Amino acid sequence: MDADKELIRAAQSGDRDALIQLLREIEQSVYKTAYYMLGNEQDAMDASQEALIRIYTKIDTYQEKAKFSTWIQRIVTNICIDRIRRKKETLSIDDHAWMLESDDHVEREVEQYDLADHVRRAIEKLPHNQRVIVSLRYLHDMSYQEISEALDIPLNTVKSYLFRARMKLQEWLHEYEKGGVQG
Amino acid sequence: MRCEEVRDWMQRDLDSDLNDIERQALTNHLTRCKECAALHHQLQKLSAHLEQLPDVLPSYSLVDAVLPKLQEIDRQREQNRQQHEEEKGTPRRPPGWRGRTFLGGAVAAGLLFALFMANNLFQQGSDQSMDQNMSMEESAGLAESTTLTESEIALDVADQSVSSNDEEVNMMIAPDQGKESNREAGDTAEIMIGTSKPSPDGEYIAEIASAEAKMKLSIRSVQGELIFISREWPGDYQYDLEWKDNRTLTYRLHGKDSTQLWEVTIASDGSSREQLVMKTGNE
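Protein sequence lines, in the order shown, are assigned to chains A and B. For what it's worth, this note's numbering labels the leading residue of the first sequence as 1, then goes sequentially. For what it's worth, this note's numbering labels the leading residue of the second sequence as 184, then goes sequentially.
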């Protein structure tokens, strides 16, 4: 769902109240992306606030040829990726190591989470360039084309990353289910 | 159809990207190939889980939380605009002394503060952050292709701007401190804005502000966001500033019987760090 065009235009023409209202309309969507990208509430709150400020200051650069939702997701994903990079996390996890881990001592810990949590945690384990695409596809129901525009990457790259991510998630999920039966 | 090809189609099927003929071909294959059918089932199940990811909501209103920062941004923009107008009406100053300005004491504090900013800060910069950043290479991954632009850096320090501006405004208002020799005609009182020195790439501006026999250094991005603010030092100290590179500024303070050399480093995330490099004599 895209924000009201009239509201966006008003915000762009300097109507501060309209801009604030616009921010209120998008804040949940921004937060959702940040939460799934960063995996915890505090970082998600910080990144979302940063995104809202940036949207506030950059609203005049938005052009209607793009969907507004695509534009804001571009901003928030940029911020999240930047934060991930700054944190110097291990971004890409070795599949094999992950599987061994979940087969072994982490199993008990895993059991404490329900399936939805497990899926979310599995998403967090994806390399961030796959995670961002999964987030846009499933949290915001974006098409390949929209993701391609939001991230400014070729459409085939979108597909390739998404497909790879799903294959990996599917394997993890399968492992989890097997573990669940055993547990 | 080869199984490998079918896997792609399975995935596209999850995204409703297959036409009727393709979907039929996929279905035909799945009825014949057990392995692909099992994978298809798994992927569908996964996709269903992903479709139902729990909604998450911020625990408080994020917009309310950033309102003070937004107000601050508005205030800075207004100040920049006023400053720009002010400067259009005054003669050009030599380069390197862009921030040197004297003003009548009756002017509103907001405007006084504006003078603290270097020229042309009203520019919000080009919107690079929207146009670059995200080109992904299969091999390099996303991280390597993203770059932090200065406008982003500037936004990162919005916190600091909020907390420090009032203090700065107060410091700038020093109507009784009238000892500057090159006072401009017509001024009844003055606010002294000292040296201003842009970084080599012009992205940051270091400025010395002086009031009430105290001085301090601040660094702003070209967009006007506060990056760094130093401790105050006595106004009779001599000082010099030098940009070692685009992100490192050193400043030396010479007191009556002491010298300090400080180094301020601006990190790529827009945060700043100050370090005492050298100190001689007593405080």
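Glycine included, C-beta positions come from ideal geometry on N, C-alpha and C. Since the model is a prediction, treat every value here as computed from it, not as a measurement.
*Are A:Leu7 and A:Gln21 close, meaning C-beta to C-beta below 8 Å?*
yes
_C-alpha distance - B:Ala392 paired with B:Leu250, whole-angstrom precision_ = 28 Å
*Could you tell me whether the region 41 to 53 of chain A touches the region 111 to 130 of chain A, using the rule of 3 or more Cβ pairs below 8 Å?*
At 8 Å Cβ cutoff, the stretches do not touch.
_Counting only Cβ-Cβ distances shorter than 8 Å, please list the residues of the region 20 to 48 of chain A near chain B, keeping chain order._
Ile20, Leu23, Arg24, Glu27, Gln28, Val30, Tyr31, Lys32, Tyr35, Tyr36, Glu41, Ala44, Met45 and Ser48
*asked:* Please identify the residue among A:Ser148, A:Arg24 and A:Met167 whose C-alpha is closest to the C-alpha of B:Ala248.
replied: Taking only the C-alpha atoms, the option nearest B:Ala248 is A:Arg24.
*asked:* Taking CB distances under 8 Å as the criterion, tell me whether A:Leu155 reaches chain B.
replied: no
*In chain order, what residues of the same chain lie with their CB nearer than 6 Å to the CB of B:Gly438, ignoring the 5 residues before and after it?*
Tyr420
_A:Gln42, enclosing alpha helix (DSSP H) - first and last residue_ = Glu41 to Lys58
*Could you check what DSSP says for A:Ile8 in three-state terms: helix, strand or coil?*
helix
*Is the CB of A:Gln170 under 8 Å away from at least one CB in chain B?*
yes
*Express the C-alpha separation of B:Thr433 and B:Lys427 in angstroms, rounding to a whole number.*
7 Å
*asked:* Looking at chain A, is there any beta carbon in it that lies within less than 8 Å of the beta carbon of B:Pro237?
replied: yes
*asked:* Let's see if you can read the secondary structure: which residues bound the alpha helix (DSSP H) around A:Ile133?
replied: Residues His128 to Leu139.
*With 16 other Cβ atoms within 10 Å as the buried cut-off, status of A:Cys80*: buried
*Check each candidate in B:Phe411, B:Tyr243, B:Glu390 and B:Asp196 and name the one with the smallest Cα separation from B:His223.*
B:Asp196
*Can you pull the chain B residues whose beta carbon is under 9 Å from the beta carbon of A:Arg121, in chain order?*
Neighbours of A:Arg121 on chain B: none; closest Cβ ~12 Å, over 9 Å.
*Give the C-beta separation of A:Gln130 and A:Tyr161 to the nearest angstrom, bearing in mind that I take them to be a contact with Cβ-Cβ under 8 Å.*
5 Å
*Compare the C-beta of A:Val134 against all C-beta atoms of chain B and say whether one is closer than 8 Å.*
At least one chain B Cβ lies under 8 Å of A:Val134.
*asked:* Against B:Lys252, what residues of chain A qualify as contacts under a CB-to-CB distance less than 7 Å, listed in chain order?
replied: Here the neighbours are Ile53.
*Is the Cβ of B:Gln265 closer than 8 Å to any Cβ of chain A?*
no
_Contacting residues, own chain, Cβ-Cβ under 7 Å from A:Ile55 (five flanking each side not counted)_ = Leu23, Ile72 and Ile75
*asked:* On the DSSP letters alone, give me the boundaries of the alpha helix (DSSP H) that A:Arg74 sits inside.
replied: Phe68 to Lys87
_Tell me the DSSP secondary structure of B:Asp423 in three-state form._
strand
*Is B:Ile256 near A:Thr57, with beta carbons less than 8 Å apart?*
yes
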